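Using the working numbering, read the sequence shown as starting at 274 and increasing by one per residue.
The beta carbon of each residue, even a glycine, is placed where N, CA and C say it ideally should be.
Bear in mind that the values here come from a model prediction, so they are computed numbers and not experimental data.
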Amino acid sequence: MGKLKKALPAKFWLVVAVFVIVFLPPFAKYQALCYKNRKLEAEIEAMKLKNEQLAEEKRLLETDIHYVEKKAREKVGLVRKGEIVMKEVQVRK
């Protein structure tokens with residue numbers, strides 16, 4: 274009966290070791306995939322937001338002449354006839 278009590282802990286640790294060897298790698302892979310999934314979902318949300326912003330800008334460019342003029346002034350430096358262009362110059366010391 275004394276041998277049974279000593280053998281029981283060894284069998285227990287053997288079962289635990291087998292359990293760890295069998296289930297730990299898939300669990301680690303599952304955790305990595307969950308992390309990657311959360312990261313990709315955040316990226317999808319960011320892209321959806323950017324898509325909405327671009328759709329709004331497209332709508333404004335197609336329908337709002339004042340917005341088109343503003344963008345032309347910003348991007349190309351468009352000026353109206355008779356306007357004076359003032360440019361900021363930085364002086365190096």
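Check, Outcome
"Secondary structure of I338, DSSP reduced to three states", "helix"
"Simplified DSSP assignment, three categories, for I357", "coil"
"Secondary structure of V362, DSSP reduced to three states", "coil"
"Assumed close pair L351, Y340 - CB separation to whole angstroms, cut-off 8 Å", "13 Å between Cβ atoms; not a contact."
"Three-state class that DSSP yields for V352 in the structure shown", "coil"
"Option nearest I357 by Cα separation, candidates K366, K309, R346 and R365", "R346"
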